[in-house]
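Inspection log for the structure reproduced underneath, given as structure tokens.
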Amino acid sequence: MEEQFVAITLHRIAGQLVCGAVILAKQPDRSWWGKCQKCGEEFRLGPDAQFEGQVRAMRN
Ligand SMILES: [Zn+2]
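Taking the numbering used here, the leading residue of the sequence shown gets 23, the next gets one more, and so forth.
In structure tokens:
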């Protein structure tokens, strides 16, 4: 059975101002995909060991 991972990050404009929350869902290829809840910009992140460590820390 494959576990379902969901992570929340922030869309930042110019690396500083927070636009909105981005809910990322883990894809079958181990990348992450989601949209900014405010502006709708799409995010896609490749597999990232450091990021996954943060995700695990957020799990219940
Ligand atoms: Zn945004």
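Don't be surprised by glycine CBs; every beta carbon is placed ideally from N, CA and C.
Being a predicted model, the structure only gives us computed values, none of them experimental.
Strictly closer than 6 Å from CB to any heavy atom of ligand 1: give me those residues in the order they appear in the chain. In chain order, the qualifying residues are 33, 41, 42, 58, 60, 61, 63.
Return the residue from the list 46, 53, 52, 69 that minimises the CA-CA distance to residue 62. By one-based count along the sequence shown, residue 62 stands at place 40. Selected option, being the one with the closest Cα: 46.
Going by Cα to Cα distance, which pick from 43, 39, 38 is closest to residue 32? Against the sequence shown, residue 32 aligns to sequence position 10. Between residue 32 and the set 43, 39, 38, the nearest pair of CA atoms involves 43.
Would the beta-carbon of residue 53 fall within 7 Å of that of residue 68? Sequence index remark: in the sequence shown, residue 53 carries index 31 (1-based). Sequence index remark: in the sequence shown, residue 68 carries index 46 (1-based). Judged by beta-carbon spacing, residue 68 lies within the 7 Å limit of residue 53, meaning their Cβ atoms are closer than that value.
DSSP three-state label for residue 36, please. In the sequence shown, residue 36 corresponds to position 14, counting from 1. Residue 36 carries a coil assignment under DSSP once its states are collapsed to helix, strand and coil.
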